[in-house]
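Since the structure comes first, as structure tokens, the remarks are kept for the end.
Numbering (the numbering used here), first residue to last: 29 to 141.
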């Protein structure tokens with residue numbers, strides 16, 4: 029969840045001029061053909077997705093008193109590796125510790141993992 033919040037904050041701060049431009053143009057249908065606003069839209073959308081995924085994961089861990097399934101850690105690790113190779117100077121590195129925490133957590137053998 030924190031990774032998503034950081035991503036949203038970085039996007040809003042770094043692209044405040046783009047946000048102002050979108051606002052000045054009336055918001056509706058202002059993202060489609062402008063590269064910078066299109067980039068910002070998907071950057072913020074991805075951040076929002078990470079917030080949702082983090083929140084759901086946290087709720088699952090609390091409700092079931094169990095760690096996330098290891099497969100989720102493998103998915104995060106694969107994402108981190110691919111993303112950090114394609115764009116080394118990015119927030120992709122934030123996913124390595126999250127993946128490792130899940131992979132190293134004590135898991136009971138189950139069909140879920």
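Ideal Cβ placement from N, Cα and C applies to all residues, glycine included. Since the structure is predicted, the reported quantities are computational estimates derived from the model, not experimental observations.
Asked	Found
C-alpha distance - residue 114 paired with residue 59, whole-angstrom precision	25 angstroms
Selected residue, minimal CA-CA separation from residue 71, among 108, 37, 29	37
Whole-angstrom distance between residue 66 and residue 40, CA atom to CA atom	14 angstroms
Burial state of residue 121 (16 or more Cβ within 10 Å)	exposed
Buried versus exposed call for residue 77 [16 or more other C-beta atoms within 10 Å across all chains shown]	exposed
Three-state class that DSSP yields for residue 44 in the structure shown	helix
Own chain, CB closer than 8 angstroms to residue 83, minus 5 neighbours either side, in chain order	29
Cβ shell of residue 105 (< 8 angstroms), same chain only, five flanking positions each side left out	123, 124, 127, 128, 131
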